[in-house]
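Remarks on the structure that follows.
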DNA sequence: CTGAAAGCGCTTACAG
DNA sequence: CTGAAAGCGCTTACAG
């Protein structure tokens, strides 16, 4: 144990023969204070390794210096590396500005965990990492009047949101498949309730429209969650002579690949495969998998930076649309 | 916006014509208080949806009602579903007792993020999710004198620790391979610096010892991190006529499987494969992969429960060793 | 059983 | 430029 008497601002004031006010000002840099006095205090602080009690500071300012990070709790999702990588970027940015991250796993149909951290005054702002078309969390946060930003788009323009351009990304990927002369392209994705999936679907349809072709509705599968569903879908697609399968996340893609492997269907020989967001889930696959890449850590950083600006009352750009990169690889060669 | 005037204990006292002390007692249940008075206060609180300011409460008690969750920041690790599942269990348990979880991603060689949350008084206790043989975090937390528990074992008996029995698990798995008459079994694992990997190695050696055979040192590979290393290792193992490969995590296993696939080596026909902790990384693999399963969410729950007991000053059992299950599947048939 | 008062460790008008 | 004092919203001896 180190000497445990937890130095306070009062101790320092007494020791130095100044007032607590003065010490406080020296630390915060706010308010007029003499150069010499400031230096004296700062030196003392450094020497004695004084750490202000952030809780007390927070109480006085009605702040917590915490931000809430909400991640979706549904099983399939929680294991996607996406959220961990977001968290990495957020954590890094937050800690640079002396904020900490309170994590809250919330179920799609129950936002009580989110409610708790805001009504208990545990956070100064919130980052939502996935948006629903009908989003109870968004509605709640708006009503509560607490600063928040969403990772992922919302229909609501009043909401500060940061997203990658999933629509363009999916359009471009689809276009490049169409350009190869493939026209029986299937799309498999998760819950339609998520904005991101909706955008990707939009991009897929955009590409078909631009090419003057009609996408076949029977080749679009949404709300797919489980491996078994994928198996059945791939089976029926093969019967229809599908040429290419685009999946909306790497989990679905690995299900597709497994099914194809089991049936000894060659990729890309007989069927081409492409996916979104290449994570470690597919990193070592053979053949390598064509996919759309996003800088998820940067996404987290941007979201966090924006939220902190809002909390500090600075101006922020309300919407940001980040880029993407398409990596064409063996699976669509 | 809802009516925003954030009810305080003072408002309630005034409204009800009692003292703040009384209101406080009614809420906390501590201290003598008349039945009627208590009910009156409680009713008012319920009706007006009063939420105590946890920060203020914390300041008065020098508590934060936060626990710190430390997860390792190295790239390869952070994507393992293990930590997310831990987090799920911890978050669930914490929120039941009105605690929240502050997350801190710390790099193996830099514990400053951990230091920050404890010196800033942001947490009442800490959970470490992976232990090193030489663990700077453990050393620091001991010195700081803050309650903490580790998920994963430590050599240090004074540390409260919760773990699955990795040693027995690995021994048993290895034994069952040996019992099949396989004796050229390879072991591939991550950093030796982690206690968990050390334990697994121990179990592997135990099994050989019990069987009276000698494990071949050239078949044990530790400190393996990247996919390319795995490729090289598998290549050399094949030349030596290896019969079975056991990997210490699902990431390494998927690398092994990819390499084998690429070389068109049949599993389990020519080489058998088994792994630890079956996560979604391997969930849909064909053939299905033999592996050791742990209830990671329970691990998180137990760790959290224990930490909260320590914080509340209750008695706890200092060490807990949780079980495991071995699922023999197609890959070792 | 109940309350006045001091205190947790800061910040911030206000006055000088 | 500096300080005394009130305040953030709670808790908790102490006294009655």
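Protein chains in written order, with our numbering: chain A, 5 to 337; chain B, 5 to 337. Don't be surprised by glycine CBs; every beta carbon is placed ideally from N, CA and C.
Proximity of residue i and residue j at Cβ, strictly below 8 Å
i	j	result
residue 186 of chain B	residue 138 of chain B	no
residue 104 of chain B	residue 69 of chain B	yes
residue 201 of chain A	residue 252 of chain A	yes
residue 191 of chain A	residue 205 of chain A	yes
residue 107 of chain B	residue 77 of chain A	no
residue 326 of chain A	residue 168 of chain A	yes
residue 135 of chain B	residue 87 of chain B	no
residue 142 of chain A	residue 123 of chain A	no
residue 179 of chain B	residue 214 of chain B	yes
residue 293 of chain A	residue 286 of chain A	yes
residue 171 of chain A	residue 207 of chain A	yes
Proximity winner among the options, relative to residue i (alpha-carbon distances)
i	options	result
residue 310 of chain B	B:55, B:93, B:254 and B:54	B:93
residue 173 of chain B	B:210, B:289, B:102 and B:67	B:210
residue 231 of chain A	A:254, A:243, A:244 and A:212	A:254
residue 184 of chain A	A:327, A:276 and A:89	A:276
residue 116 of chain A	A:136, A:151, A:74 and A:99	A:74
residue 53 of chain A	B:119, B:15, B:29 and B:293	B:119
residue 295 of chain A	A:176, A:26 and A:13	A:176
residue 289 of chain A	A:259, A:27, A:327 and A:326	A:259
residue 44 of chain B	B:31, B:55 and B:112	B:31
residue 109 of chain A	B:91, B:109 and B:300	B:91
residue 66 of chain A	B:233, B:229 and B:10	B:10
residue 101 of chain A	A:234, A:305, A:39 and A:113	A:305
residue 322 of chain A	A:39, A:140 and A:163	A:163
residue 13 of chain A	A:160, A:149 and A:55	A:55
Close beta carbons around residue i, own chain, < 8 Å, minus the five adjacent residues each side
i	result
residue 5 of chain A	Only weak support is given to the placement of residue 5 of chain A: the predicted model assigns it a pLDDT of 35, under 50, and the value that follows is read from those uncertain coordinates. For residue 5 of chain A, where only same-chain residues beyond five positions count, there are no Cβ hits under 8 Å.
residue 313 of chain A	319 and 320
residue 26 of chain A	17, 37, 41 and 45
residue 98 of chain B	71, 104, 105, 308 and 312
residue 223 of chain B	188, 189, 190, 191, 241, 244 and 246
residue 234 of chain B	192, 228, 256, 259, 260 and 263
residue 198 of chain A	134, 135, 136, 137 and 156
residue 236 of chain A	none
Cβ-based neighbour list, residue i, same chain, cut-off 7 Å, excluding 5 preceding and 5 following
i	result
residue 307 of chain A	94, 131, 153, 155 and 166
residue 8 of chain B	Summary for residue 8 of chain B: the model assigns pLDDT 49, below 50, so the residue's position carries little reliability, and this model does not support an answer.
residue 315 of chain B	128, 129 and 151
residue 257 of chain B	251, 277, 279, 286 and 293
residue 301 of chain A	89, 92 and 93
residue 324 of chain B	166 and 306
Same chain, Cβ closer than 6 Å to residue i, five either side skipped, listed in chain order
i	result
residue 389 of chain B	This structure leaves residue 389 of chain B out entirely; chain B is present only between 5 and 337.
residue 329 of chain A	297
residue 196 of chain A	226 and 227
residue 29 of chain A	35 and 37
residue 193 of chain A	201, 226 and 252
residue 140 of chain A	115
residue 111 of chain A	77
residue 212 of chain A	219
residue 83 of chain A	none
Identity of the residues DSSP links to residue i by a beta bridge
i	result
residue 26 of chain A	Answer by DSSP bridge pairing: none, since residue 26 of chain A is not bridged.
residue 132 of chain A	A:74 and A:154
residue 251 of chain A	A:192
residue 324 of chain A	A:166
residue 279 of chain B	B:295
residue 106 of chain A	A:72 and B:106
residue 210 of chain B	Paired residues: none, contrary to the question.
residue 120 of chain B	Answer is none; residue 120 of chain B lacks a bridge partner.
residue 329 of chain B	B:297
residue 225 of chain B	B:192
Are there three or more Cβ pairs, one per stretch, closer than 8 Å when the stretch 261-269 of chain B is compared with the stretch 205-223 of chain B? no
Contact between the stretch 57-75 of chain B and the stretch 126-134 of chain B: three or more CB pairs below 8 Å? yes
Is there contact here, the stretch 14-31 of chain B with the stretch 47-54 of chain B, by at least three beta-carbon pairs under 8 Å? yes
Determine contact between the stretch 321-336 of chain A and the stretch 269-276 of chain A, defined as no fewer than three beta-carbon pairs at a distance below 8 Å. yes
When the Cβ atoms of the stretch 55-64 of chain B are set against those of the stretch 53-66 of chain A, are three or more pairs found closer than 8 Å? yes
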